[in-house]
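Novice: What follows is a structure written as structure tokens; I'll ask about it next.
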Amino acid sequence: MMTEHVVPGFLVGHWTHPSGRTGCTVVIAECPALAVRDVRGGAPGTRETELLSPGCLVRHLDAVLLTGGSAFGLAAADGVVRWLRERGRGYPTDVMAVPIVAAAVLYDLSAPDPVVPDAEAGYTACQVAGPHGWRSGRIGAGAGTTVGKLLGRERATPTGIGAAVVNIDSNSVGALAAVNAVGELVDPSTGLIRAGIRADDGSWLVARELILTGSSLWTQPETNTTLVVVATDLALDQNALIRMAIAAHDAIARTIRPAHTVYDGDTVFVLAREEAPTSPAQILRIATATEVAVERAILASIQDNR
64 MMTEHVVPGF
74 LVGHWTHPSG
84 RTGCTVVIAE
94 CPALAVRDVR
104 GGAPGTRETE
114 LLSPGCLVRH
124 LDAVLLTGGS
134 AFGLAAADGV
144 VRWLRERGRG
154 YPTDVMAVPI
164 VAAAVLYDLS
174 APDPVVPDAE
184 AGYTACQVAG
194 PHGWRSGRIG
204 AGAGTTVGKL
214 LGRERATPTG
224 IGAAVVNIDS
234 NSVGALAAVN
244 AVGELVDPST
254 GLIRAGIRAD
264 DGSWLVAREL
274 ILTGSSLWTQ
284 PETNTTLVVV
294 ATDLALDQNA
304 LIRMAIAAHD
314 AIARTIRPAH
324 TVYDGDTVFV
334 LAREEAPTSP
344 AQILRIATAT
354 EVAVERAILA
364 SIQDNR
């Protein structure tokens, strides 16, 4: 079952390969969105993320792409750029508007015949994007994701992409999470493992115990990453978005154990529909809503997938 949510001002589209082994997900801002990014994993694969650093010229973007296919999947961003260009979207220059599309990849390649999203995949995701695309399931960038790969894929658990929205008065804070971590997924309200490394008897093994005892024999550092997009129709300033990105990573650390490892490329994007000064009290409330939304989205990534 796929739960649908809406965040005004943002459209979401998913493309899933016919094999069901990979895909991509695009979040399109209906108007250029104020944006920040926060990369904390040790093995990221990204495009146009430095553009969103504090102090850089460009403060707004047109879309974010999350994609499978490892570095090959970054080609899907070309399709997103083409779709936006056809509609005259982008950063204004004296020659033409240049679409600003940030992207991040996760590793879902599988032998013997790996499949990857390409430019047509990114374009198609844009074509089907709509306000009700905030869905959970093994679709889009979550089509080929798993968690608990510390001892190899044969002991891992299928996940997907998760979506959640937290309402603040009449506004919304939404989160999408494509969960493909080396460690396990934990419910922070109970501390119980919800998905991760399977033992021979079907129970869960504890990643930290395996690491601390030296029992981890896994040697493929490129096969992980949790990607998150947070979007809100609230009017905020850049400082608020930076605190929201920190809160999103807090949520990753509370629900994925271990998080931000050298083997993961954990990346968060935060988008706001409008820009306006934000008070410290407002920032606290919005950051808390972000943490809750991301936790819920990560947990939603495993619904009906096991």
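According to our numbering, the sequence shown is numbered sequentially starting from 64.
Just so it is clear, CB atoms sit at the ideal spot from N, CA and C, and this is done for glycine as well.
How would you label N230, buried or exposed, when you count the other beta carbons within 10 angstroms and need 16 or more for buried?
Specialist: The sequence position of residue 230 within the sequence shown is 167, counting from 1. Classification for N230: exposed.
Novice: To the nearest angstrom, report how far apart E149 and P162 are at their CA atoms.
Specialist: Here residue 149 refers to the residue found at position 86 when the sequence shown is read from its first residue. Here residue 162 refers to the residue found at position 99 when the sequence shown is read from its first residue. For E149 and P162, the distance between alpha carbons rounds to 10 Å.
Novice: Within the 7 Å Cβ cut-off, does A188 reach chain D?
Specialist: Any reference to chain D falls outside this structure, which holds one protein chain only.
Novice: Helix, strand or coil: how does DSSP classify D101 here?
Specialist: Position 38 of the sequence shown, counted from the start, is the residue given in the question as residue 101. D101 falls in the strand class under three-state DSSP.
Novice: If we ignore side chains and look at the alpha-carbon of each, how far apart do H312 and T88 end up?
Specialist: As a first step, residue 312 must be located in the sequence shown, where it is residue number 249. As a first step, residue 88 must be located in the sequence shown, where it is residue number 25. Near 20 Å, if we compare the C-alpha coordinates of T88 and H312.
Novice: State the Cα-Cα distance for the pair E338 and V90, rounded to the nearest angstrom.
Specialist: Here residue 338 is taken as the residue at index 275 of the sequence shown, counted from 1. Here residue 90 is taken as the residue at index 27 of the sequence shown, counted from 1. The straight-line gap from Cα to Cα measures roughly 18 Å.
Novice: What does the Cβ neighbour count give for C119, buried or exposed, with the cut at 16 atoms within 10 Å?
Specialist: By 1-based counting over the sequence shown, the position of residue 119 is 56. Classification for C119: exposed.
Novice: Whose CA, out of S233, G205, D232, A238, lies closest to the CA of T222?
Specialist: For the purposes of this step, residue 222 is identified with residue 159 of the sequence shown, where counting begins at 1. Here the closest residue by C-alpha is G205.
Novice: How is the beta strand (DSSP E) around V144 delimited, first residue to last?
Specialist: Within the sequence shown, residue 144 is the residue found at index 81, counting from 1. No beta strand (DSSP E) holds V144; the alpha helix (DSSP H) holding it covers 139-149.
Novice: If you drop the 5 nearest sequence neighbours on each side, which residues of the same chain put their C-beta closer than 6 Å to that of G72?
Specialist: As a first step, residue 72 must be located in the sequence shown, where it is residue number 9. If we look at G72 and ignore the five residues flanking it on each side, its Cβ neighbours are E93, D296, R336.
Novice: If you draw a straight line from the C-alpha of D141 to the C-alpha of A241, how long is it?
Specialist: One-based indexing of the sequence shown puts residue 141 at position 78. One-based indexing of the sequence shown puts residue 241 at position 178. Cα to Cα, the separation comes out at about 20 Å.
Novice: In this structure, what does DSSP give as the bridge partners for R110?
Specialist: Residue 110 sits at position 47 when you count from the first residue of the sequence shown. Paired residues: A166.
Novice: Looking at C-beta atoms only, is the number of pairs between the stretch 108-125 and the stretch 164-171 that lie closer than 8 Å three or more?
Specialist: Judged by Cβ distances under 8 Å, the stretch 108-125 makes contact with the stretch 164-171, as three or more pairs qualify.
Novice: Is T351 helix, strand or coil by DSSP?
Specialist: Numbered from its first residue, the sequence shown carries residue 351 at position 288. T351: helix per DSSP, three-state reduction.
Novice: Could you compute how far the alpha carbon of A322 sits from the alpha carbon of A138?
Specialist: Taking the first residue of the sequence shown as 1, we reach residue 322 at position 259. Taking the first residue of the sequence shown as 1, we reach residue 138 at position 75. Taking the straight line from one Cα to the other gives about 27 Å.
Novice: According to DSSP, simplified to helix, strand and coil, what is L213?
Specialist: Your numbering for residue 213 matches position 150 in the sequence shown. DSSP places L213 in coil when its eight states are reduced to three.
Novice: Taking just the CA atoms, how far does Y326 sit from V228?
Specialist: Position 165 of the sequence shown holds residue 228. Position 263 of the sequence shown holds residue 326. Roughly 29 Å separates the two Cα atoms.
Novice: So, helix, strand or coil for P177, using DSSP?
Specialist: Start at 1 with the first residue of the sequence shown, and residue 177 comes out as number 114. Three-state DSSP puts P177 in coil, outside helix and strand.
Novice: Does the count of Cβ pairs from the stretch 174-185 and the stretch 301-310 closer than 8 Å reach three?
Specialist: Segments in contact, no.
Novice: Quick check: the Cα distance between L74 and V269, rounded to an integer number of angstroms?
Specialist: Start at 1 with the first residue of the sequence shown, and residue 74 comes out as number 11. Start at 1 with the first residue of the sequence shown, and residue 269 comes out as number 206. Approximately 38 Å between the Cα atoms of the pair.
Novice: Once the 5 residues before and after T66 are set aside, which same chain residues still bring their CB inside 6 Å of it?
Specialist: Locating residue 66 in the sequence shown gives position 3, counting from the first residue. Note that T66 has pLDDT 49, beneath the 50 cutoff, so the model's placement of it is unreliable and no number is given.
Novice: Rounded to whole angstroms, what's the CA-CA distance from P343 to A298? Just pull it up for me.
Specialist: For the purposes of this step, residue 343 is taken as residue 280 along the sequence shown, with counting starting at 1. For the purposes of this step, residue 298 is taken as residue 235 along the sequence shown, with counting starting at 1. Approximately 14 Å, taken between the alpha carbons.
Novice: Buried or exposed: where does H195 fall if 16 or more other Cβ atoms within 10 Å of its Cβ makes it buried?
Specialist: In the sequence shown, residue 195 corresponds to position 132, counting from 1. H195 comes out exposed.
Novice: Counting beta carbon pairs with one atom in the stretch 342-361 and one in the stretch 261-277, are three or more of them shorter than 8 Å?
Specialist: The stretch 261-277 is not in contact with the stretch 342-361.
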